[in-house]
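Peer 1: Questions regarding the structure given below will be posed in turn.
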Amino acid sequence: MNASGHTAEELRLISKEIRKDIIRSLAGAGSGHTGGSLGLADVFSCLYFGIMNHRPDEPGWPGRDRMILSIGHVAPALYASLAQAGYFPREELLSLRKLGSRLQGHPGRDHGLPGLELSAGSLGQGLSVAVGMAMAAKMDGRKYHIFSIHGDGELQEGSIWEAAMSASQYKLENLTALIDRNGLQIDGSTEKVMRLEPLADKWTSFGWHVIHCDGHDHGDIINAYDEAKITKGKPSVIIAKTIMGKGVRKIENHHGWHGRCPTPEEAEIFVKEIDGMND
Amino acid sequence: MRMMNEDFNNKGDRPTKNGFGEGLAEAGRRNKNLIALGADITGSVGMDHFASRFPERFFSLGIAEQNCIGVASGMALSGKIPVFATYGVFAALRTTDFIRISVCYNDLHVIIGGAHAGISVGPDGATHQALEDIAVMRVLPHMTVISPCDATQTRLALLAAVEQVNGPVYLRFGRAPVPDFTDEKLAFEVGKAQTLKDGNDISVIATGHLVWEALEAAKILANKGISARIINMHTIKPIDKDAILRSARECGAIITAEEHQITGGLGSAVAELIVKKYPVPMQMIGMPDCFGESGQPEELMDKYGMRARNIVAAAEKLLKDKR
């Protein structure tokens, strides 16, 4: 049982709902990023239903923890989680990527979606924004925490390391970044496209506290965030080992599904498969 | 539109960056939420007064301009008013995508100071001469682009960027000492051009320290019997359409002058408007689609034709086209 009262079993069930909504919204949209969105469903359920201090009925509550999604292309996972948490009706998920929708292909605050902290989609920018938020919170003595989510391929952007340097320079213990370590990017394996390992050593050498977790084990994810929140004097990074497309065998570990979405027929099959997920 | 027919006198040459530094310190005194972010060249861009007076609100982020823009966005999202300044080439151009997405798409009140703008930065040469920054900044949605004419006005412009604007601002200023001729009582209103001298044969719409060259040109033209209107277009976006259209209607010919590429900057902004509403013959003073080079500021201004005499020559040519 975690602080918000959800057991790991309950978080698992919430993750299933998030995954099904991801599939349904993407099938409705006819385009979008399926693999990364499914792969982060467990992390999102832990954040919004276990870790974060937030009020879906008061999205602008000044004391809320901030969630900065640096990889805007997994917006379907964020939207499904926000809807599941009650920020807006779940039916609205079917408007994803459609003209006039609040659910833009990559998050856009100008469309007024409640719970959305940042318009983002150009990789390598979110960590800097999270650093600025953490610095401001620290200046003002505010207790809220900043959570950011990054792709592993995104770490190839040099600006990430500019931000990483500044976070440890300013001892931003109120900042926790999570890396979606699925090992894949559009052109293939991250290690073939542009090697990231030894990844933990990179972050350690930049002055961060590094935590590893299984990105599909809810207890493990919660423990990782709990450890990050009590770490003092430095920012924390969670390297979450994930499977791109987790929950749908046809998509799992298939980088071809980075940027494609299911047809309505596929969606029906995938939703049934997710319903039958046991772990 | 401000109207005045007085002579302006140079109170002494001063770098416009001094005005930026004074304005920043004053804005910091007035507003506790004002934050300054530096990228290693704090003193060089005039942020040192603020940094020494308000050390708890000054953050050094090293030579990492993209991160500075992102951090500024995070601070703005948290209720702060961040001011980030470095050389214009880096402030506006190295960081463009960060400014486009993290600042402009989020419509955040982040003030970006573009220092050492224009060719007058001199001996450092082409790499450090910001000549494309106005063009790039002014096409970004939500962005306000300000280019004040002297040090006194740069101080007021920074205060206006903090107090009159709610979204992104790019504020451009320079290093070379240039005539400081405006009075601090000359109110600065973002988006409202200042007609510094009235006239009806031709209108010279200038920005930055070329406004002084335009005033000098007006005196020479007056001796030749040509009445030139001189407009200080200190805000390039949103541009003062009324001032431009009145120039077109009442003078029938327009010269623009800027220390910037002639493509994409003030000249283009003026042309975009009048071509739709009231086309008149135009001449544009600026860099002719080329890089600058090393030299003393005065030498470069001469070589690239940004002097009063160049404005006079353009006016004489234009008056022939007009008739």
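If you read the protein sequences in the order shown, they are chains A and B.
All residue numbers for the first sequence refer to my numbering, where the first residue is 12 and numbers rise by one.
All residue numbers for the second sequence refer to my numbering, where the first residue is -12 and numbers rise by one.
Each residue gets a CB set at the ideal place from its N, CA and C atoms; glycine is no exception.
(1) Under 8 Å Cβ-Cβ, which residues of chain A neighbour I88 of chain B?
(2) Buried or exposed: where does N64 of chain A fall if 16 or more other Cβ atoms within 10 Å of its Cβ makes it buried?
(3) Chain A partners of V58 of chain B, CB-CB under 8 Å?
(4) Check the DSSP bridge columns for N219 of chain B and list the partner residues they point to.
(5) Does the distance from the C-beta atom of V97 of chain B to that of A38 of chain B stay below 9 Å?
(6) Strictly under 9 Å for the Cβ-Cβ distance: is S170 of chain A near chain B by that measure?
(7) Let me make sure I understand the geometry here. Which of B:G251, B:A51, B:T141 has the alpha-carbon closest to that of L158 of chain B?
(8) How about the stretch 22 to 40 of chain A and the stretch 62 to 78 of chain A: do they share at least three Cβ pairs that are nearer than 8 Å?
(9) Starting from the beta carbon of R120 of chain A, find every residue of chain B whose beta carbon is closer than 7 Å, and list them in chain order.
(10) What is the rounded straight-line gap between the Cα of F316 of chain B and the Cα of H247 of chain B?
(11) Which residues mark the beginning and the end of the beta strand (DSSP E) in which L49 of chain A is found?
(12) State whether the stretch 241 to 253 of chain A contacts the stretch 218 to 228 of chain A, with contact taken as three or more CB pairs (one from each stretch) at a distance under 8 Å.
(13) Could you check the C-alpha separation between F168 of chain B and A201 of chain B for me, to the nearest Å?
(14) Report back the beta-carbon spacing between A193 of chain B and A256 of chain B to the nearest angstrom; my notes put them in contact at under 8 Å.
(15) Quick check on T187 of chain A: does DSSP put it in helix, strand or coil?
(16) Got a sec? Which residues, its chain only, sit under 7 Å from M12 of chain A by beta carbon, not counting five neighbours each side?
(17) For D151 of chain A and chain B, any beta-carbon pair shorter than 9 Å?
(18) Shortest alpha-carbon distance to T29 of chain B belongs to which of B:F278, B:H103, B:R1, B:G(-1)?
(19) Grab me the residues of C55 of chain B's own chain with a C-beta within less than 7 Å of its C-beta, minus the 5 sequence neighbours each way, in chain order.
(20) What do you get for D210 of chain B, buried or exposed, if any count of 16 or more other CB atoms within 10 angstroms of its CB means buried?
(21) At least one CB of chain B closer than 9 Å to the CB of Y181 of chain A: is that the case?
(22) What residues in its chain sit with their C-beta under 6 Å from that of L124 of chain A, if we drop five residues either side in the sequence?
(23) Along the stretch 59 to 85 of chain B, where does the CB come closer than 9 Å to a CB of chain A? Name the residues.
(24) Would you decide whether F278 of chain B is buried or exposed? Buried here means 16 or more other CB atoms lie within 10 Å of its CB.
(25) Whose C-alpha, out of A:I285, A:G83, A:S177, is nearest the C-alpha of H161 of chain A?
(26) Judging by CA-CA distance, which residue of A:E202, A:G199, A:M205, A:G137 is the nearest neighbour of A178 of chain A?
(27) Which runs of the beta strand (DSSP E) at least 3 residues long sit entirely within the stretch 141 to 220 of chain A? Give them in chain order.
(28) What is the rounded straight-line gap between the Cα of T274 of chain A and the Cα of G41 of chain A?
(29) Please state the DSSP three-state secondary structure of A104 of chain B.
(30) Along the chain, which unbroken stretches of the beta strand (DSSP E) at least 3 residues long are found entirely within the stretch 63 to 118 of chain B?
(31) Is the beta carbon of S81 of chain A closer than 9 Å to that of A141 of chain A?
(32) Answer yes or no: the CB of M288 of chain A versus the heavy atoms of the ligand SAM, is any distance below 8 Å?
(33) Quick check: the stretch 123 to 133 of chain B against the stretch 222 to 229 of chain B, are at least 3 beta-carbon pairs closer than 8 Å?
(34) Whole-angstrom Cβ separation of F158 of chain A and T201 of chain A, contact assumed at under 8 Å?
(35) Please state if the CB of D120 of chain B and the CB of S281 of chain B are separated by a distance shorter than 9 Å.
(36) What is the rounded straight-line gap between the Cα of R17 of chain B and the Cα of V32 of chain B?
Peer 2: For this structure:
(1) Walking along the second sequence from the start, residue 88 of chain B turns up at place 101. Taking a Cβ-Cβ cut-off of 8 Å, the neighbours of I88 of chain B in chain A comprise S130, A131, G132, S133, Q136, given in sequence order.
(2) For the purposes of this step, residue 64 of chain A is identified with residue 53 of the first sequence, where counting begins at 1. Around the beta-carbon of N64 of chain A, fewer than 16 other beta-carbon atoms lie within 10 Å, marking it exposed.
(3) Sequence index remark: in the second sequence, residue 58 of chain B carries index 71 (1-based). Taking the beta carbon of V58 of chain B as reference, the chain A residues within 8 Å of it are S139, V140, V142, G143, M146, A174, S177, listed in sequence order.
(4) Taking the first residue of the second sequence as 1, we reach residue 219 of chain B at position 232. Its beta-bridge partners are B:Q181, B:A193.
(5) Numbered from 1 along the second sequence, position 110 holds the residue referred to as residue 97 of chain B. Numbered from 1 along the second sequence, position 51 holds the residue referred to as residue 38 of chain B. Not closer than 9 Å, so no.
(6) Translated into the one-based positions of the first sequence, residue 170 of chain A becomes position 159. Closer than 9 Å to the CB of S170 of chain A there is at least one CB belonging to chain B.
(7) Here residue 158 of chain B refers to the residue found at position 171 when the second sequence is read from its first residue. Ranking the options by Cα distance to L158 of chain B, first place goes to B:T141.
(8) Touching, no.
(9) The sequence position of residue 120 of chain A within the first sequence is 109, counting from 1. Under a criterion of Cβ atoms nearer than 7 Å, the residues of chain B adjacent to R120 of chain A are, in order, N93.
(10) Absent from the model: residue 316 of chain B. The displayed extent of chain B is -12 to 310, so no value can be given.
(11) Within the first sequence, residue 49 of chain A is the residue found at index 38, counting from 1. First-last for L49 of chain A: 45 to 50, but that is the alpha helix (DSSP H), not the beta strand (DSSP E).
(12) The stretch 241 to 253 of chain A, when compared against the stretch 218 to 228 of chain A, does touch it at the 8 Å Cβ threshold.
(13) The count along the second sequence starts at 1 and reaches residue 168 of chain B at position 181. The count along the second sequence starts at 1 and reaches residue 201 of chain B at position 214. When rounded, the distance between both Cα atoms is 13 Å.
(14) One-based indexing of the second sequence puts residue 193 of chain B at position 206. One-based indexing of the second sequence puts residue 256 of chain B at position 269. Their Cβ separation, rounded to whole angstroms, is 13 Å, which puts A193 of chain B and A256 of chain B out of contact at 8 Å.
(15) By 1-based counting over the first sequence, the position of residue 187 of chain A is 176. DSSP places T187 of chain A in strand when its eight states are reduced to three.
(16) Reading the first sequence from its first residue, position 1 is the one you call residue 12 of chain A. For M12 of chain A, the predicted structure reports a pLDDT of 47, less than 50, and the residue's modelled location is therefore unreliable. A value from the coordinates is still provided. If we look at M12 of chain A and ignore the five residues flanking it on each side, its Cβ neighbours are T18.
(17) What you label residue 151 of chain A is simply residue 140 of the first sequence in a count that begins at 1. Chain B, which has a Cβ nearer than 9 Å to the Cβ of D151 of chain A, makes this yes.
(18) The residue given as residue 29 of chain B occupies position 42 in the second sequence. Between T29 of chain B and the set B:F278, B:H103, B:R1, B:G(-1), the nearest pair of CA atoms involves B:H103.
(19) Position 68 of the second sequence, counted from the first residue, corresponds to residue 55 of chain B. Here the set comprises L24, A26, L48, F71.
(20) Against the second sequence, residue 210 of chain B aligns to sequence position 223. The displayed chain sequence assigns Asn, not Asp, to residue 210 of chain B. Counting Cβ neighbours within 10 Å, N210 of chain B comes out exposed, since fewer than 16 surround it.
(21) Here residue 181 of chain A refers to the residue found at position 170 of the first sequence. True, the Cβ-Cβ gap to chain B drops below 9 Å.
(22) Stepping through the first sequence from its first residue, residue 124 of chain A is reached at position 113. Only residues of its own chain outside the window of five on either side were considered, and among them R113 have a CB closer than 6 Å to the CB of L124 of chain A, listed in chain order.
(23) Here the close residues are A59, S60, G61, M62, A63, L64, S65, G66, K67, P69, D84, F85.
(24) If you number the second sequence from 1, residue 278 of chain B lands on position 291. Exposed, since its Cβ has fewer than 16 Cβ neighbours within 10 Å.
(25) Counted from its first residue, the first sequence places residue 161 of chain A at position 150. When only C-alpha atoms are compared, the closest one is A:G83.
(26) As a working mapping, residue 178 of chain A is identified with position 167 in the first sequence. When each option's Cα is compared against that of A178 of chain A, the closest is A:G137.
(27) 157 to 162, 186 to 192, all fully within the stretch 141 to 220 of chain A.
(28) To locate residue 274 of chain A, count along the first sequence from 1; it is residue 263. To locate residue 41 of chain A, count along the first sequence from 1; it is residue 30. Their backbone Cα atoms lie some 7 Å apart in a straight line.
(29) Numbered from 1 along the second sequence, position 117 holds the residue referred to as residue 104 of chain B. Three-state result, A104 of chain B: strand.
(30) Entirely contained in the stretch 63 to 118 of chain B, the beta strand (DSSP E) runs reaching 3 residues are, in chain order, 68 to 74, 98 to 102.
(31) Residue 141 of chain A sits at position 130 when you count from the first residue of the first sequence. Residue 81 of chain A sits at position 70 when you count from the first residue of the first sequence. Cβ distance < 9 Å, so A141 of chain A and S81 of chain A count as in contact.
(32) This structure simply doesn't include the ligand SAM, nor any ligand for that matter.
(33) Output reads yes: the stretch 123 to 133 of chain B touches the stretch 222 to 229 of chain B.
(34) Locating residue 158 of chain A in the first sequence gives position 147, where the first residue counts as 1. Locating residue 201 of chain A in the first sequence gives position 190, where the first residue counts as 1. Actually they do not touch by this definition, with Cβ atoms about 22 Å apart.
(35) Residue 281 of chain B sits at position 294 when you count from the first residue of the second sequence. Residue 120 of chain B sits at position 133 when you count from the first residue of the second sequence. Contact annotation: S281 of chain B and D120 of chain B have beta-carbon atoms that are not nearer than 9 Å.
(36) Position 30 of the second sequence, counted from the start, is the residue given in the question as residue 17 of chain B. Position 45 of the second sequence, counted from the start, is the residue given in the question as residue 32 of chain B. Roughly 21 Å between the two C-alpha positions.
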